[in-house]
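Residue numbers (our numbering): 4 to 455.
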């Protein structure tokens, strides 16, 4: 009795196999495009136009259109890169890690979380390429035989960033696509127009739902999940090495790999909340994404946030405990220097705001959760900016000090990347199922037994 009560909130009463399929497929096949979607699409398209203009101008004029100078040679572009690639980490964790541990509550969250991963990692890849200065030579990062004998620098973390990101993107895309094949076949069979039948039929790869199809599907999903989970840790650990290999105070720290992984999960869970709550409301998914799912997601965000907060504390503690004059000076600059407002914004968003998640009442309020999640995303971007600029603008010698002032194009690239992410997500919502019908049917079967 107790076990049944504990599992019941995972799915609203009265759900059936056919009901799940009808609800999710109708969102794609029959639901009309609303004005809100069109307004969001138009806004995203405008931001993408800004991004495209910025890229063209950068190719014509060089990275000098940004506010970069010496000693601050890294700023918005690298902060955007680390921020976006971090957002994608939690999607894989929600989908793959919970799949390997057979957690039933993952089922309604996996599809849009995986989509978030694919799009966020794709957007993040734009920035390191543009930051190269001569982005048309980005392929020099790949080890390929050529007459000039130009080989990558194997000791550089930039090269291993390239391998880690490409591997993670390939596995994420495969895992995302493979999980959709049964659902694509469902849309193929339900589509009313010939064009949609052909479109979804090609994507479904001839899926007929035979026993051998399901066996291969489950085997491949298990293998891809097993590959994806370690990549979550390896990718952001490699990003952390970009900083920790440097000798600058504030960067040269062995805590960075686990700190970056925790920060990635923290911001990723926040983005999953920011996307999940509106989807639940607009598409009437409350029967599938129940209060228990939202509560679990909030608890995971809190757990990751507490680890990030601990890392902040340890960074400050080790600076004063080791009494290295440069680490102490850098820490004091963060407290009261020119960019102190960035540090305190980070603390308010990432430390103070999330403490409200200890309250069950707050976790039950979707408006409060949405607001806290937005603050976390803002705070994590400022944390990346603080990490980069506060260590660069005050070097070892006073003669090397210099401020960073962002230009219009710095802000344009950040806004444009957000527009690109949301435009891709808006297209996904209209074309592909936002909830995994196959996973939800399995959940209905396990919790309630088969129904017509």
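C-beta atoms are modelled at their ideal positions from N, C-alpha and C, and glycine is treated no differently.
### Task
List the endpoints of the continuous alpha helix (DSSP H) containing residue 299.
As a working mapping, residue 299 is identified with position 296 in the chain shown. Looking at the DSSP string, the run of the alpha helix (DSSP H) that includes residue 299 is 294-325.
### Query
So, are the CB atoms of residue 118 and residue 424 less than 8 Å apart?
As a working note, residue 118 is residue 115 in the chain shown. As a working note, residue 424 is residue 421 in the chain shown. No. Outside cutoff.
### Message
Distance check for residue 390 and residue 3, CA to CA, integer angstroms please.
### Response
Since the first residue shown for the chain is 4 and the last is 455, residue 3 is missing from the structure and cannot be characterised.
### Buried or exposed by the 16-neighbour rule on C-beta atoms within 10 Å, applied to residue 94
Sequence index remark: in the chain shown, residue 94 carries index 91 (1-based). With 16 or more other Cβ atoms within 10 Å, it is buried.
### Query
Considering only C-alpha positions, which residue in the set 381, 134, 377 is nearest to residue 61?
As a first step, residue 61 is located in the chain shown; it is residue number 58 there, counting from the start. In this structure, 134 is the residue among 381, 134, 377 with its C-alpha nearest to the C-alpha of residue 61.
### Task
Let me know the alpha helix (DSSP H) ranges lying completely inside the region 206-286, each 4 residues or longer, listed in chain order.
Within the region 206-286, the alpha helix (DSSP H) runs of at least 4 residues that lie entirely inside it are, in chain order, 214-247, 259-285.
### Query
Given that a residue counts as buried once 16 or more other Cβ atoms are within 10 Å of its Cβ, and exposed if not, what is residue 47?
Counted from its first residue, the chain shown places residue 47 at position 44. Buried, by the Cβ-count rule.
### Query
What's the call for residue 80, buried or exposed, on a 16-neighbour Cβ count within 10 Å?
In the chain shown, residue 80 corresponds to position 77, counting from 1. Buried.
### Query
Rounded to a whole number of angstroms, what is the C-alpha to C-alpha distance between residue 203 and residue 187?
Taking the chain shown and counting its residues from 1, the one referred to as residue 203 is at position 200. Taking the chain shown and counting its residues from 1, the one referred to as residue 187 is at position 184. Residue 203 and residue 187 have their C-alpha atoms spaced approximately 6 Å apart.
### Neighbourhood of residue 189 by C-beta, 7 Å cutoff - its chain only, sequence neighbours within 5 removed
Counted from its first residue, the chain shown places residue 189 at position 186. Taken in chain order, the residues that qualify are 24, 28, 440.
### Query
Quick one: what does DSSP say residue 175 is sitting in, helix, strand or coil?
Here residue 175 refers to the residue found at position 172 of the chain shown. Of the three classes helix, strand and coil, the one that applies to residue 175 here is helix, per DSSP.
### Task
Write down the C-beta distance between residue 145 and residue 266 rounded to the nearest angstrom, noting that I regard them as a contact closer than 8 Å.
Working through the chain shown from its first residue, we reach residue 145 at position 142. Working through the chain shown from its first residue, we reach residue 266 at position 263. Contact between residue 145 and residue 266 is ruled out by a C-beta separation of about 28 Å, above the 8 Å threshold.
### Query
Looking at residue 319 and residue 352, is the spacing between their C-beta atoms short of 8 Å?
Sequence index remark: in the chain shown, residue 352 carries index 349 (1-based). Sequence index remark: in the chain shown, residue 319 carries index 316 (1-based). Their beta carbons are not under 8 Å apart, which means residue 352 does not touch residue 319 by this criterion.
### Message
If I follow the unbroken alpha helix (DSSP H) through residue 427, where does it start and stop?
### Response
For the purposes of this step, residue 427 is taken as residue 424 along the chain shown, with counting starting at 1. That run of the alpha helix (DSSP H) goes 411-434.
### Query
Quick one: what's got a C-beta closer than 7 Å to residue 115's C-beta in the same chain, skipping five residues either side?
Taking the first residue of the chain shown as 1, we reach residue 115 at position 112. Taking C-beta separations shorter than 7 Å and ignoring five residues to either side along the sequence, the partners of residue 115 in its chain run 278, 279, 282, 437, following chain order.
### Message
Using the Cβ count rule (16 or more neighbours within 10 Å means buried), how would you classify residue 142?
### Response
Your numbering for residue 142 matches position 139 in the chain shown. Looking at its Cβ environment, which holds fewer than 16 other Cβ atoms inside 10 Å, residue 142 is exposed.
### Task
Count the CB pairs spanning the region 224-240 and the region 96-104 that are closer than 8 Å, and state whether there are at least three.
Enough Cβ pairs lie closer than 8 Å, so yes.
### Query
Would DSSP call residue 442 helix, strand or coil?
Within the chain shown, the letter at position 439 stands for residue 442. The three-state reading of DSSP puts residue 442 in helix, counting H, G and I together.
#### Entry: Close-in-space but distant-in-sequence residues of the same chain around residue 108 (CB under 8 Å, 5 per side omitted)
Counted from its first residue, the chain shown places residue 108 at position 105. Only 13, 101, 295, 296, 299 meet the Cβ criterion.
### Task
Run the CB neighbour count on residue 383, radius 10 Å, all protein chains shown included, and call it buried at 16 or more, exposed below.
The residue labelled residue 383 in the question sits at position 380 within the chain shown. Burial check for residue 383: the Cβ neighbour count within 10 Å reaches 16 or more, so the residue is buried.
### Query
When the Cα of residue 72 is compared with those of 341, 429, 201, 392, which residue comes out closest?
Translated into positions along the chain shown, residue 72 becomes position 69. Residue 72 has its Cα closest to that of 392, out of 341, 429, 201, 392.
### Message
Counting C-beta neighbours from all protein chains within 10 Å, is the total for residue 7 16 or more, i.e. buried, or is it exposed?
### Response
On the chain shown, residue 7 is found 4 positions in, with the first residue counted as 1. Because residue 7 carries a pLDDT of 38, less than 50, the predicted location of this residue cannot be relied on, and the following value inherits that uncertainty. Exposed, because fewer than 16 other Cβ atoms sit within 10 Å of the Cβ of residue 7.
### Query
Is the beta carbon of residue 388 less than 8 Å from the beta carbon of residue 345?
What you label residue 388 is simply residue 385 of the chain shown in a count that begins at 1. What you label residue 345 is simply residue 342 of the chain shown in a count that begins at 1. Going by C-beta atoms, residue 388 is nearer than 8 Å to residue 345.
### Query
Hey, is the region 392-402 in contact with the region 364-374, meaning 3+ C-beta pairs nearer than 8 Å?
No: fewer than three Cβ pairs fall under 8 Å.
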